[in-house]
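Engineer: Numbering (my numbering), first residue to last: 1 to 135. Note that beta-carbon positions come from the ideal geometry of N, C-alpha and C, so glycine has one too. What follows is a structure written as structure tokens; I'll ask about it next.
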């Protein structure tokens, strides 16, 4: 029963987002609450929500400050020498840059923390993508 509810919730969420009936933020709030009510978890919704927010808030704050920090570093030109060296090595080939990004993500993700992988890959590769014109 719970497996069915989980798959149905994901399918419903994707349908609502892809057909643009709800924005992602509203769907992320409403869909799980409705499925929790339907699944008979009404008395436990409040504590579940509080536990989820308590667990995710530190990661969200860390990502927010990391994005601000790396945006400041990119704007100040900190990564420009590294970008120039990498561009010289790959000769501006987007395929080589994409493979390099995949290898970097593979190595960084070995610690198992997705937030760290995201921060490092975006911070290291965004200036390179901007210089080449990759989107």
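1) Is the beta carbon of residue 132 within less than 7 angstroms of some heavy atom of the ligand ZN?
2) As an exercise, report each continuous alpha helix (DSSP H) stretch of at least 4 residues that is fully enclosed by the stretch 63 to 132, in chain order.
3) Distance check for residue 72 and residue 82, CA to CA, integer angstroms please.
4) Consult DSSP for residue 22 and reduce its assignment to one of helix, strand or coil.
5) Give the straight-line distance between the Cα atoms of residue 70 and residue 100, rounded to the nearest whole angstrom.
6) For residue 121, I'd like the list of residues in its chain whose CB is within less than 7 angstroms of its CB, leaving aside the five on either flank, ordered along the chain.
7) Sort 86, 115, 111, 85 by Cα distance to residue 67 and report the nearest one.
8) Please report the Cβ distance between residue 5 and residue 39, rounded to the nearest whole angstrom; I am assuming they are in contact, meaning their Cβ atoms lie under 8 angstroms.
9) For residue 1, name the three-state secondary structure that DSSP assigns.
10) Going by Cα to Cα distance, which pick from 27, 26, 128 is closest to residue 89?
11) When the distance is taken between beta carbons, is residue 126 closer than 8 angstroms to residue 86?
Structural biologist: Result, derived from the coordinates:
1) In terms of ligand content, the structure shown is empty, and the ligand ZN therefore cannot be addressed.
2) Entirely contained in the stretch 63 to 132, the alpha helix (DSSP H) runs reaching 4 residues are, in chain order, 80 to 90, 94 to 108, 114 to 132.
3) Numbered from its first residue, the chain shown carries residue 82 at position 82. Numbered from its first residue, the chain shown carries residue 72 at position 72. Near 16 angstroms, if we compare the C-alpha coordinates of residue 72 and residue 82.
4) Numbered from 1 along the chain shown, position 22 holds the residue referred to as residue 22. Coil.
5) The count along the chain shown starts at 1 and reaches residue 70 at position 70. The count along the chain shown starts at 1 and reaches residue 100 at position 100. Distance between the alpha carbons of residue 70 and residue 100 is about 20 angstroms.
6) Working through the chain shown from its first residue, we reach residue 121 at position 121. So the list reads 101, 104, 105, 108, once near-sequence residues are dropped.
7) Here residue 67 refers to the residue found at position 67 when the chain shown is read from its first residue. Of 86, 115, 111, 85, the residue nearest in Cα terms is 115.
8) Taking the chain shown and counting its residues from 1, the one referred to as residue 5 is at position 5. Taking the chain shown and counting its residues from 1, the one referred to as residue 39 is at position 39. Going by Cβ atoms, the distance from residue 5 to residue 39 rounds to 5 angstroms, so yes, they are a contact pair.
9) In the chain shown, the residue the question calls residue 1 occupies position 1. Here residue 1 sits in coil by DSSP.
10) Working through the chain shown from its first residue, we reach residue 89 at position 89. Checking every option, the nearest Cα to that of residue 89 belongs to 128.
11) For this step, residue 86 is matched to residue 86 along the chain shown. For this step, residue 126 is matched to residue 126 along the chain shown. No.
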